[in-house]
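What follows is a short report on a single structure.
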Ligand code: NAD
Ligand code: WQD
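Residue numbers (this note's numbering): 8 to 359.
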């Protein structure tokens, strides 16, 4: 669309895993993108690679190393450019760390978001897409999870998502000019098909697929499977894995909805595939895609883990006109391509 060509989007956390893939899709769609990130869990190399992958659109990307908790520095970015909307990915996301360091999580995720919302209000930029999470469903009593399920966070990380959702609902209630999309992601995996950008967590990975990937390239000896006695098809936990490129496209669809719908208010959408896959099924798919054997160590359940979680995708399909395209084969193929080309993440030399 002609008008969208010049729209300028602020992407917080745009150097991170989901933010970098979404930034690339935004650029290719003709948006101008300004990324702010404190590089706490990411590297500027990701931003450089995104600009390169965007080819002729790469010059529409700029980057500021800014912490959202630094209000003055964030404000400065808003004074340089007028944004049509903000996609807010920036936050800490490790569940275990959030239990050990709750104040850090509340400070980073909530204070950071409050600063952002206040600055957006001051600059009359009231369109927001926020990264929420399926974690707000806690241990769901039934599946698939629909957006109207009761919400119940199981840990401080989850509570930051829940609180921020509530803060957004209150902000909109007080000022109906706000248009907000709360996107509840299920389990993002995979990478861009080039294999040049992907997930590169600092330290020991918390999530399944980054761990599997590090076993495959020899960085770790085995995968510890958390729980084999769940009432699922093979005893291991079942989740809704979604390709990060599908997730990125979901953000573009949400943004379009924000721009095109007059009274959208504050809406919540699941971004998942609607398919449940067990840990062992995921490992088997990855072994097939990579040709690598993943040694397993069977262990007890991880405290707080739900048994089975997958999304109802109906609302996003109907209202955002968006549906995930990829299955676990493509997720594992692209995850492996990224791992193979970058066994040490962004610390690996670029191969093309
Ligand atoms: P990520 O850690 O790769 O990206 C988050 C980015 O935010 C990082 O680059 C980090 O450096 C930056 N950041 C953190 N605090 C900041 C601050 N105060 N100021 C500026 N930058 C800051 O994580 P991701 O997987 O890309 O997740 C993006 C968002 O999606 C997060 O909010 C996360 O909670 C949410 N989410 C992720 C998943 C998942 O499994 N990956 C699932 C559901 C929701
Ligand atoms: C998936 C499955 C594990 C690691 C977490 C957050 C959630 C969201 C996504 C941000 C489970 C099993 C895992 C391992 C294993 N993030 N597993 N060995 O727990 O569904 O969700 O990430 O919002 O909030 O809680 O994802 O990838 O950690 O686990 O067996 O080394 O893999 O038990 O069944 P989870 P996950």
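Using N, Cα and C, we set each Cβ at its ideal position, and we do this for glycine too.
Proximity winner among the options, relative to residue i (alpha-carbon distances)
i: residue 113; options: 239, 41, 191 and 99; result: 99
i: residue 153; options: 279, 287 and 352; result: 279
i: residue 289; options: 249, 331, 133 and 260; result: 249
i: residue 40; options: 52, 25 and 19; result: 19
i: residue 28; options: 77, 333 and 197; result: 197
i: residue 54; options: 322, 120, 204 and 265; result: 204
i: residue 309; options: 199, 231, 159 and 320; result: 231
Simplified DSSP assignment, three categories, for residue i
i: residue 10; result: Any answer about residue 10 is weak, because its pLDDT of 45 lies below 50 and its placement is not dependable; what the coordinates show is given next. Residue state, collapsed to three classes: helix.
i: residue 318; result: strand
i: residue 96; result: coil
i: residue 72; result: strand
i: residue 195; result: strand
i: residue 89; result: coil
i: residue 81; result: helix
i: residue 112; result: helix
i: residue 18; result: strand
i: residue 285; result: strand
i: residue 48; result: coil
i: residue 105; result: helix
Cβ-Cβ separation, residue j to residue i (assumed contact under 8 angstroms), whole Å
i: residue 342; j: residue 220; result: 6 angstroms
i: residue 93; j: residue 317; result: Going by Cβ atoms, the distance from residue 93 to residue 317 rounds to 29 angstroms, so no, they are not a contact pair.
i: residue 137; j: residue 189; result: 5 angstroms
i: residue 251; j: residue 25; result: 6 angstroms
i: residue 254; j: residue 192; result: 6 angstroms
i: residue 171; j: residue 179; result: Going by Cβ atoms, the distance from residue 171 to residue 179 rounds to 13 angstroms, so no, they are not a contact pair.
Buried or exposed (CB count within 10 angstroms, at least 16 for buried), residue i
i: residue 148; result: exposed
i: residue 166; result: buried
i: residue 182; result: exposed
i: residue 297; result: buried
i: residue 302; result: exposed
i: residue 101; result: buried
i: residue 133; result: buried
i: residue 285; result: buried
i: residue 366; result: An answer regarding residue 366 cannot be provided, because it is not within the stretch 8 to 359 covered by the chain.
What residue ranges within the stretch 193–262 form continuous alpha helix (DSSP H) runs of no fewer than 4 residues, ordered along the chain? 215–223
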